[in-house]
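>
Number of protein chains: 2
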Amino acid sequence: MQEHYDVAVVGASGMIGEAIMSILEEREFPVRNIYPLGSKRSAGTTLMFRDEPVQIGLLSEFDFSKVQYGLFSAGASVSDVFAPQAAARGCTVIDNTSRFRYDPDIPLVIPEVNGEALHDHSHLIANPNCSTIQMIVALKPIYDAVGIERINVCTYQSVSGAGRSAVNELANQSAALLNGRDAEISVAPRQIAFNAIPHIDVFQDNGYTKEEMKMVWETRKILNDESIRVNPTTVRIPVFFGHSEAVHIETRHKLRAAEARELLRAAKGITVIDDPGELQYPTAVTDAANRDDVFVGRIREDISHELGLNMWIVSDNVRKGGALNSVQIAEYLVYGES
Amino acid sequence: MQEHYDVAVVGASGMIGEAIMSILEEREFPVRNIYPLGSKRSAGTTLMFRDEPVQIGLLSEFDFSKVQYGLFSAGASVSDVFAPQAAARGCTVIDNTSRFRYDPDIPLVIPEVNGEALHDHSHLIANPNCSTIQMIVALKPIYDAVGIERINVCTYQSVSGAGRSAVNELANQSAALLNGRDAEISVAPRQIAFNAIPHIDVFQDNGYTKEEMKMVWETRKILNDESIRVNPTTVRIPVFFGHSEAVHIETRHKLRAAEARELLRAAKGITVIDDPGELQYPTAVTDAANRDDVFVGRIREDISHELGLNMWIVSDNVRKGGALNSVQIAEYLVYGES
């Protein structure tokens, strides 16, 4: 008989938290009791889980010894305080913030890429950043086949990566501007409606943003390869859901576009949409939003580099980039390698 | 006394044509008579030039021997027929379509970059593509100082690059979606509102789009350097005016970010907005739209390549990317090197 588990969802009223609840349900994760948790602001709110109402509890008063799994997505400062407390009480924390990602003792996991890193953990597991996850899912089959020396990546990231308030901001600004009114700026650092902003998270001393450095640090940690060189420019654009990425890689050995296409077609969690003759390629709105897979198209040999290969990688940043990957980590822990 | 010239503007009712008329006026180009021209659809419409009404004439009936300059921006098929006819009648054609750009006998010119190419022409001069112009204006000082081996570029292109109907489409789709209605698709190959489309112009046999190959071919022709390697991914995003580009270059000799910043600050036609500490960088909406300069920020040394340098280049694609550059070509011909 399938064992069942008690699960806490921290940040249940947020976009990722909400998606975690619905993904646990739709993938029939063996939940016995679910405990959505939040701050004073959201505690007391009623959510639905498996057609039953369930109230958001107060995180600061919750006893984590009651649950075996805690899925955290309420921000790094919340995880900083409560994730170690939960882990100390025997709850396995799957943390979807940047708080523990760069701690060498804490596994950073995309189950289909480095699930084996889950074999050794101390009740704390980190979920990578959304923009890293979709890139690495798509690159792993190529990395395994021919090696990757260097990655130039430019992102086209949706506002949902910055949470529900950023989604509302894009809608409100767009409506205001279309009606001849001024755009009010609150979440994004500039007007995001009808604009492109090359600034996500804080600037680092080397001139890159932290969002860019996440892609550098996390790629190396997940692939367990300090030699891989990554050069990102990350950009927020006026899209609600789904991150797109233009990825230009340099492999260790030659890989033809047709071979790359076949490798990716055979890989789990990837859908190749790539037929220029039929004008087929993935986009955020038409393919990725609300879907689980990472979508890859525009695969072509780089005319500027003998070992270069280009592609266009699109995925739902709330699902595979966050909630789904967290639930897949829990599934891996429960079922073993799927 | 300043000589004056008779000027025809072909495609005067289009977005670039309209901008050409107003730029001729605001820069006080020495126009004697202006002849806005168009198809049957637009002929007879009245425009204003220097506070005087002027009617759009019928292109097919116009006698080009009446003018010394013809600025064409009505599409490649129109230029194909009428530009050689005009040139044969002694009119110097400045063509803002792709029709003649790759003809080795026809100069392809950004005046501040390769104005000297104008010293030898047979009444036909090509204006480069918008996405190439802003990139090359920003890269030329670096190219001259240390050489450039390779360019990885990803574009974030506004819909105005596809003309007025594409601007209307973005507005209409955005309004429809914000009101819960479906988006009607007519100009862009997918829904453009709240989406990113990695497909501009037609696909080529090598898997690149023609928009991407324009950046390859034109960079080489303008810099007169067949050795420079260019790897573009060009993407349309829901921005009305202003193209942005994430440009990752590999130079021949080492150039520090601070040195690049100084080179660009000293260059004509470039405004550097680059202070991460003060969160300063250019964006399409806040800086480029309706301005003449090419704006550069996010200048940083590439952590993945010893000779790498990254930057973010933004410009108004209708002005410097099209109308302004065409007028600047005419100015160069009239005044010589400015």
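The listed protein sequences correspond, in order, to chains A and B.
Just so we're aligned, residue 1 is where the first sequence starts under this note's numbering, counting upward by one.
Just so we're aligned, residue 1 is where the second sequence starts under this note's numbering, counting upward by one.
Note that the Cβ used here is the ideal one computed from N, Cα and C, for glycine as well.
(1) Please name the residues in the segment 154-171 of chain A whose beta-carbon is closer than 7 Å to at least one beta-carbon of chain B, in chain order.
(2) Mind checking who residue 95 of chain A pairs with in its DSSP beta bridge?
(3) Looking at C-alpha atoms only, which residue of A:309, A:236, A:278 is the closest neighbour of residue 191 of chain A?
(4) Leaving out the 5 sequence neighbours to the left and right, which residues in its chain are closer than 6 Å to residue 282 of chain A when beta-carbon positions are compared?
(5) Quick check on residue 303 of chain A - is its C-beta less than 8 Å from some C-beta in chain B?
(6) Just to confirm before moving on: does the CB-CB distance between residue 128 of chain A and residue 195 of chain A stay below 8 Å?
(7) Against chain A, does residue 290 of chain B count as a neighbour if the rule is that its beta carbon must be under 8 Å from one of theirs?
(8) In three-state terms, what does DSSP make of residue 375 of chain B?
(9) Give me the Cα-Cα distance between residue 254 of chain A and residue 150 of chain A, rounded to the nearest whole angstrom.
(10) Is there contact here, the segment 27-36 of chain B with the segment 97-111 of chain B, by at least three beta-carbon pairs under 8 Å?
(11) Could you tell me which uninterrupted beta strand (DSSP E) segments, each at least 3 residues in length, are contained entirely in the segment 248-310 of chain A, listed from first to last along the chain?
(12) How far does the alpha helix (DSSP H) with residue 169 of chain B in it reach, from first residue to last?
(13) Between which two residues does the beta strand (DSSP E) holding residue 47 of chain A run?
(14) Using Cβ-Cβ distances below 7 Å, what residues of the segment 169-192 of chain A are close to chain B?
(15) When you compare the CB positions of residue 88 of chain A and residue 319 of chain A, do they come within less than 8 Å of one another, or not?
(16) Taking C-beta pairs closer than 8 Å, name the residues in chain B that residue 240 of chain A reaches, listed in chain order.
(17) Can you pull the chain B neighbours of residue 279 of chain A, defined as C-beta to C-beta under 8 Å?
(18) Between the beta-carbon of residue 215 of chain A and the beta-carbon of residue 232 of chain A, is there less than 8 Å?
(19) What are the partner residues of residue 37 of chain B, as DSSP defines its beta bridges?
(20) Using CA coordinates, which residue listed in B:86, B:110, B:311 is at the minimum distance from residue 330 of chain B?
(21) Residue 111 of chain B lies in the alpha helix (DSSP H); which residues open and close that run?
(22) Could you tell me which chain B residues have their CB closer than 8 Å to the CB of residue 208 of chain A, listed as they occur along the chain?
(23) Residues in the segment 219-252 of chain B with C-beta within 7 Å of chain E's C-beta atoms, listed in sequence order?
(24) Please confirm whether residue 284 of chain A has its beta-carbon closer than 8 Å to some beta-carbon of chain B.
(25) Is residue 101 of chain A helix, strand or coil when you go by DSSP?
(26) Examine chain B for any beta-carbon lying closer than 8 Å to the beta-carbon of residue 312 of chain A, and answer yes or no.
(27) Less than 8 Å between the C-beta atoms of residue 243 of chain A and residue 156 of chain A, yes or no?
(28) Would you call the segment 113-126 of chain A in contact with the segment 76-93 of chain A, where contact means no fewer than 3 C-beta pairs closer than 8 Å?
(29) Could you tell me whether the Cβ of residue 317 of chain A comes closer than 8 Å to any Cβ of chain B?
(30) Where does residue 224 of chain A fall in DSSP's three states?
(31) Quick check: the Cα distance between residue 342 of chain B and residue 251 of chain B, rounded to an integer number of angstroms?
(32) Quick one: Cα of residue 275 of chain A to Cα of residue 268 of chain A, how far?
(33) Are the Cβ atoms of residue 207 of chain A and residue 300 of chain B separated by less than 8 Å?
(34) Starting from residue 318 of chain A, follow the beta strand (DSSP E) in both directions and report where the run begins and ends.
(35) Specify, as a first and last residue, the run of the beta strand (DSSP E) that residue 153 of chain B falls within.
(36) Are the beta-carbon atoms of residue 336 of chain A and residue 164 of chain A separated by less than 8 Å?
Quick look at the numbers:
(1) 154, 156, 171
(2) On the first sequence, position 95 is the one that residue 95 of chain A refers to. Beta-bridge pairing links residue 95 of chain A to A:72, A:126.
(3) Counting from 1 along the first sequence, the entry for residue 191 of chain A is found at position 191. Residue 191 of chain A has its Cα closest to that of A:236, out of A:309, A:236, A:278.
(4) Numbered from 1 along the first sequence, position 282 holds the residue referred to as residue 282 of chain A. Only 273, 295, 297, 314 meet the Cβ criterion.
(5) Counting from 1 along the first sequence, the entry for residue 303 of chain A is found at position 303. The Cβ of residue 303 of chain A sits closer than 8 Å to at least one Cβ of chain B.
(6) Here the question's residue 128 of chain A lines up with position 128 in the first sequence. Here the question's residue 195 of chain A lines up with position 195 in the first sequence. Their beta carbons are not under 8 Å apart, which means residue 128 of chain A does not touch residue 195 of chain A by this criterion.
(7) Residue mapping note: residue 290 of chain B aligns to position 290 of the second sequence, counting from 1. Chain A contact via Cβ: absent.
(8) This structure does not reach residue 375 of chain B, given that chain B is present from 1 up to 338, and the question cannot be answered.
(9) Walking along the first sequence from the start, residue 254 of chain A turns up at place 254. Walking along the first sequence from the start, residue 150 of chain A turns up at place 150. Each residue's alpha carbon lies about 14 Å from the other.
(10) Cβ pair count under 8 Å is below three, so no.
(11) 270-272, 294-301
(12) Numbered from its first residue, the second sequence carries residue 169 of chain B at position 169. Looking at the DSSP string, the run of the alpha helix (DSSP H) that includes residue 169 of chain B is 164-178.
(13) Mapped onto the first sequence, residue 47 of chain A falls at position 47. Here the beta strand (DSSP E) through residue 47 of chain A covers 46-49.
(14) 171, 174, 175, 178, 189, 190, 191
(15) On the first sequence, residue 88 of chain A is found 88 positions in, with the first residue counted as 1. On the first sequence, residue 319 of chain A is found 319 positions in, with the first residue counted as 1. Not in contact: residue 88 of chain A and residue 319 of chain A (Cβ atoms no closer than 8 Å).
(16) Here residue 240 of chain A refers to the residue found at position 240 when the first sequence is read from its first residue. Under the 8 Å cutoff, chain B gives 194.
(17) Numbered from 1 along the first sequence, position 279 holds the residue referred to as residue 279 of chain A. Correct list: 189, 199, 203.
(18) As a position in the first sequence, residue 215 of chain A is number 215, starting the count at 1. As a position in the first sequence, residue 232 of chain A is number 232, starting the count at 1. Contact: yes.
(19) Counting from one through the second sequence, the residue named residue 37 of chain B turns up at place 37. DSSP output for residue 37 of chain B lists B:10, B:57 as bridge partner(s).
(20) What you label residue 330 of chain B is simply residue 330 of the second sequence in a count that begins at 1. Measuring from the Cα of residue 330 of chain B, the nearest candidate turns out to be B:110.
(21) Taking the first residue of the second sequence as position 1, residue 111 of chain B is located at position 111. Residues 111-114.
(22) Taking the first sequence and counting its residues from 1, one reaches residue 208 of chain A at position 208. Simply 300, 303.
(23) In summary, chain E is missing from the structure at hand, where the protein chains are A and B.
(24) For the purposes of this step, residue 284 of chain A is taken as the residue at position 284 of the first sequence. Residue 284 of chain A counts as touching chain B.
(25) Working through the first sequence from its first residue, we reach residue 101 of chain A at position 101. Correct three-state label for residue 101 of chain A: coil.
(26) Taking the first sequence and counting its residues from 1, one reaches residue 312 of chain A at position 312. It does: the Cβ of residue 312 of chain A has a partner Cβ on chain B nearer than 8 Å.
(27) Locating residue 243 of chain A in the first sequence gives position 243, where the first residue counts as 1. Locating residue 156 of chain A in the first sequence gives position 156, where the first residue counts as 1. Yes; because the gap between Cβ atoms is below 8 Å, this pair is in contact.
(28) yes
(29) Your numbering for residue 317 of chain A matches position 317 in the first sequence. It does not; no Cβ of chain B falls within 8 Å.
(30) Within the first sequence, the letter at position 224 stands for residue 224 of chain A. Residue state, collapsed to three classes: coil.
(31) Outside the shown range of chain B, which is 1 to 338, sits residue 342 of chain B, and nothing can be said about it.
(32) The residue you call residue 275 of chain A lines up with position 275 of the first sequence. The residue you call residue 268 of chain A lines up with position 268 of the first sequence. Rounded to whole angstroms, residue 275 of chain A to residue 268 of chain A spans 20 Å at the Cα level.
(33) In the first sequence, the residue the question calls residue 207 of chain A occupies position 207. In the second sequence, the residue the question calls residue 300 of chain B occupies position 300. Yes, the Cβ-Cβ distance between residue 207 of chain A and residue 300 of chain B is below 8 Å.
(34) Looking up residue 318 of chain A in the first sequence gives position 318. Counting along the chain, no beta strand (DSSP E) covers residue 318 of chain A, and no H or E run does either.
(35) Residue 153 of chain B sits at position 153 when you count from the first residue of the second sequence. 148-156 is the span of the beta strand (DSSP E), which, as asked, contains residue 153 of chain B.
(36) The sequence position of residue 336 of chain A within the first sequence is 336, counting from 1. The sequence position of residue 164 of chain A within the first sequence is 164, counting from 1. No. Outside cutoff.
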